[in-house]
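Colleague: Residues 2 to 616 in this note's numbering are what the sequence shown spells out, letter by letter.
Just so you know, even glycine gets a beta-carbon here, dropped at the ideal spot from N, CA and C.
Nothing here was measured: the structure is a model prediction, and the numbers come from that model.
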Amino acid sequence: MSQHTIRLTMAQAVARFMTAQKTVVDGEIVPIFGGVWAIFGHGNVAGIGEALHGVKDQLPTYRGQNEQSMAHAAISYAKANFRRRFMAATTSIGPGALNMVTAAGLAYVNRIPVLLLPGDVFANRLPDPVLQQGEDFGDGTVTVNDCFKPVSRYFDRITRPEQIIPALRRAMQVLTDPAECGPVTLSLCQDVQAEAYEYPESLFTEKVWVPRRLMPDADEFATAAAALKLSKNPVIIAGGGVLYSQASESLAAFAEEHGIPVMETQAGKSSLPHGHDLNMGSVGVTGTSASNALAEEADLVLAVGSRLQDFTTGSWALFKNPDLKIVGLNIQPFDAHKHNGLPLVADARVGIEALDAALMGWQVDSAWTRKALDLKQEWLVDADAARAASNVELPSDAQVIGAVQRGRTKATLVCASGGLPGELHKLWRADGPGSYHLDYGFSTMGYEIAGGLGVAIAKPAEDVVVMVGDGSYLMMNSEIVSAVMMGIRLTIVVLDNAGFGCINRLQMATGGANFNNLFRDTYHMELPNVDFAAHAASMGAKAKKVASVAELETALAASQGAPGVHVFVIDTDPLITTEAGGHWWDVAVPEVSDRPSVNAAREAYVKALKAQRAG
C-alpha cells in the first residue's frame, strides 16, 4: 500500500508536528505546545528559524534574552499549567545550547515537561570544526550537547532527517507521561535541519494527549488501606503530585472525612487553601511548628505525590516515632518505594478517592485531630507576629511577605532561591491550587523573573507577583525586557540585603566566619551601591524604591491591575529569620578546624546526626 508523503526539511517536520499535538483543558481541545522560546544563531537560524516562521500563526515564537532564562520561562509555563501544556526552547550550538543545561537540570529534578531543541554540529563533519564546536580528542561522536544527557528524561541526536520521526513520537510520550515526565532534548545537527525527506502525512495528523490516570494495584492498595486503618496518629504530606493530578478537592474531602491533618511540601503548597482547618502548612526544615510537632509523633505518613527530599523530612531526622510507616502514594515507583515505604503506585486523585472509599466510616481518634487544630492556632499567632507591619529601618523578609500579601490579596507568588523560599513556605497564605509557585527542587538562582514571565503567559488574567533577592536579581534579570516587550502584566518585588543573606546565615550557623557572602565581607575596593529601581526602569519597567513596608504595601495596592511590569525595591535585614517553626538540616560541618566556633558547631552536628533514620 502506498503511503502519502510530504517533502519537508527536518526542521519543518518538527514545527509542523508540534502544531498537530493537542490536549484537553476544561473540556476544550487546545494546542499542547503554548509556544517556542528562541534565540537564533548559527546552528538553528536557517533551519528551525525558517521552519518556525512558517507556522508562526499556529505556534507563537517568543524571543528571550538569555537561553537559560527563556527555558526557565518555558518550564514555569508548564508548571503553572499543572503539566497539561508546555513549551519548547531552541538555541544555536555551543554556548547558546549549554546555557540551557541549568534549566534542563531544574526541569529534570522537578519533573517538569519542556522540549529543548539545541542546534548541534554538522552531521557530515565536512566543515569541522565549525565556530563554537567542541572537539573530543578520542571520540568523534561527542559534542558539547552530550552535557544534556544526565539532565534529560529522553535525549536524541538527530543525524539523519528520518530519525526525527521516532524521536518526536518518543518525545511526546515522555513529555505527557505523569511518571516519566521531564525535559526532552532533541539535539539537531544544523545541516540535517535543512535536509529534506518524504515524511508520512500521518506524522502530522492531529493527536490529542489525555493525562493518564493509573489505577492502584490490588495488593498494594489492600496493604496501604490496612496500614491506615491501624494507624493512631497519621498525617498526610501533600507534594507536587497533588497539584499535577488536580487532586486538591479529593484531598480536602479525604482529610475531612477521616480527620487527618495535612502538611505541604514546597512543591505541594497550595494543595489545600491556607484557611482549611486541617492544613497545618509547611513541613520540615522550613516547616510550621504545627506540622513538625505532628510529624514527630506520626506513626504513619501518607506521602501523596512527594519526592520526600531532605527539606521535607528534616534530613530524615524529623520523624521520631519508632513505629513509623510510610505509604508512598505516587505515580512514579521510584518515589513510592522510598525509605522502605509501602508503595501505592497510582495517580494521586485516583489513589486518594479509592482510599476514601475503602476507609468509609473510619476516622482517627478525635483527640489527634483536636491536637492538630490547636497546634495550628498556636502557629498562626507566631506567624501573624512575624508578618506584622513594622516601621523598622531594615525590615525582615517576613515583614515584607506580610506587606506583599496585604497589598495583593489574590496573587500567584513566584520565587526560587535564597532565604525567601523558607520564609514563604512558612508564611505565605496560598488561597488556591497553583497560587504558590516555587522552584525549590533545584532552587535555581535566576529562575524568579523568568519564571514569573512564564506564569503570566500561562495565567494572563491573574495577578502574578515575583519576590526575588538582590543576589538572584543580579544573576538573571534580562527577561524584564521580554515581559515589557510582550506587554505582560507582572509585579516584581526586589528585597535588597546587600549580598547572599541566606548563605551567610547558613555559614554563621555552621560556625563559619562572615566571609564572601554579604558585599561587606567580600574582597572589594569599593562597596557596590546598585540602584535596582533605575536598572529595572532602564529595561522599560515602572520601578520605584520604597522606604518602608507600609510604603510597599500602599504601592502594591495602588498598582494592582495596572498594565506593564512594575518593580518595587526595598532594603531588608540580611540576618533576621522567623524563629518559630523550622527543623535541623544536614549540612556537613568540618571535622577539624583551628576555630572554636567551627568545633562547637561540629559537636552540635554530631549530636544532631543521631536523630537521623537510616534507610
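Can you give me the start and stop residues for the alpha helix (DSSP H) that ILE402 sits inside?
Modeller: 398 to 408
Colleague: Between LYS233, PRO61 and VAL122, which lies nearest to GLN191 when the distance is taken from Cα to Cα?
Modeller: VAL122
Colleague: Would ALA12 pass as a contact of GLY48 if the rule is Cβ separation under 8 Å?
Modeller: Inclusion of ALA12 and GLY48 in the CB contact set at 8 Å is warranted, their separation being smaller than that value.
Colleague: Under 8 Å Cβ to Cβ from GLN508, same chain only, skipping five residues before and after it: list those, please.
Modeller: When the five nearest sequence neighbours on each side are left out, the beta carbons in the same chain lying within less than 8 Å of the beta carbon of GLN508 are those of ALA514, ASN515, PHE516 and ASN518, in order along the chain.
Colleague: Would you kindly report the start and end of the unbroken beta strand (DSSP E) that includes TRP369?
Modeller: No beta strand (DSSP E) contains TRP369, which is instead part of the alpha helix (DSSP H) from 367 to 388.
Colleague: Give the DSSP-derived three-state secondary structure of ASN331 in the structure shown.
Modeller: strand
Colleague: Any chance you could list the alpha helix (DSSP H) runs of at least 4 consecutive residues sitting entirely within the segment 289 to 315, in chain order?
Modeller: 290 to 298 and 311 to 314
Colleague: At 3 residues or longer, and completely inside the segment 487 to 554: list those beta strand (DSSP E) runs for me, N to C.
Modeller: 491 to 497 and 543 to 546
Colleague: Are the beta-carbon atoms of GLY455 and ALA81 separated by less than 8 Å?
Modeller: yes
Colleague: For GLY472, I'd like the list of residues in its chain whose CB is within less than 6 Å of its CB, leaving aside the five on either flank, ordered along the chain.
Modeller: If the five residues before and after GLY472 are omitted, its C-beta is found closer than 6 Å to the C-beta atoms of PHE501, all from its own chain and listed in chain order.
Colleague: In the DSSP assignment, the beta strand (DSSP E) including MET11 goes from what residue to what residue?
Modeller: Note, MET11: premise wrong, no beta strand (DSSP E); alpha helix (DSSP H) at 11 to 21.
Colleague: Could you tell me which whole beta strand (DSSP E) segments of length 3 or greater appear in the segment 101 to 189?
Modeller: Complete beta strand (DSSP E) runs here, min 3: 115 to 121 and 155 to 159.
Colleague: Would DSSP call ALA90 helix, strand or coil?
Modeller: DSSP places ALA90 in strand when its eight states are reduced to three.
Colleague: Kindly list the residues whose CB is nearer than 6 Å to the CB of LYS326, restricted to its own chain and excluding five residues on each side of it in sequence; keep chain order.
Modeller: ALA228 and LEU301
Colleague: How would you call PHE87, buried or exposed, if buried means at least 16 neighbouring beta carbons within 10 angstroms?
Modeller: buried
Colleague: Go ahead and label VAL209 buried or exposed: buried means 16 or more other beta carbons lie within 10 angstroms of its beta carbon, across all protein chains shown.
Modeller: exposed
Colleague: Runs of 4 residues minimum, wholly inside the segment 398 to 467: which ones carry the alpha helix (DSSP H) assignment?
Modeller: 398 to 408, 421 to 428 and 448 to 459
Colleague: Give, in chain order, every unbroken run of the alpha helix (DSSP H) that is at least 4 residues long and sits entirely within the segment 545 to 601.
Modeller: Here the runs fully enclosed are 550 to 560.
Colleague: Do GLY435 and PHE83 have their beta-carbon atoms positioned less than 8 Å apart in this structure?
Modeller: yes
Colleague: From ASN322 to LYS233, what distance separates their C-alpha atoms?
Modeller: Distance between the alpha carbons of ASN322 and LYS233: 12 Å.
Colleague: What does DSSP give as the partner residues of LEU343 in its beta bridges?
Modeller: Looking at the DSSP assignment, LEU343 forms a beta bridge with VAL328.
Colleague: Would you identify the three-state DSSP class for ILE33, choosing helix, strand or coil?
Modeller: In the structure shown, ILE33 sits in coil (DSSP, three-state: anything other than H, G, I, E or B).
Colleague: Please check the pair GLY50 and PHE41, which I expect to be a contact at CB under 8 Å, by giving their CB distance rounded to whole angstroms.
Modeller: 5 Å
Colleague: Nearest-angstrom Cα distance between HIS567 and ILE493?
Modeller: 6 Å
Colleague: For VAL110, which option in VAL393, ALA499, SER560 and GLY183 has the closest C-alpha, if you only look at C-alpha atoms?
Modeller: Distance from the Cα of VAL110 is smallest, within the candidate group VAL393, ALA499, SER560 and GLY183, for GLY183.
Colleague: Can you pull the DSSP bridge partners for GLU68?
Modeller: In DSSP, GLU68 forms no bridge with anything.
Colleague: Give me the Cα-Cα distance between ALA1 and VAL393, rounded to the nearest whole angstrom.
Modeller: Since the first and last residues shown for the chain are 2 and 616, residue 1 lies out of range.
Colleague: Return the CA-CA distance between THR578 and LYS230, expressed in angstroms with no decimal places.
Modeller: Their Cα atoms are separated by approximately 40 Å.
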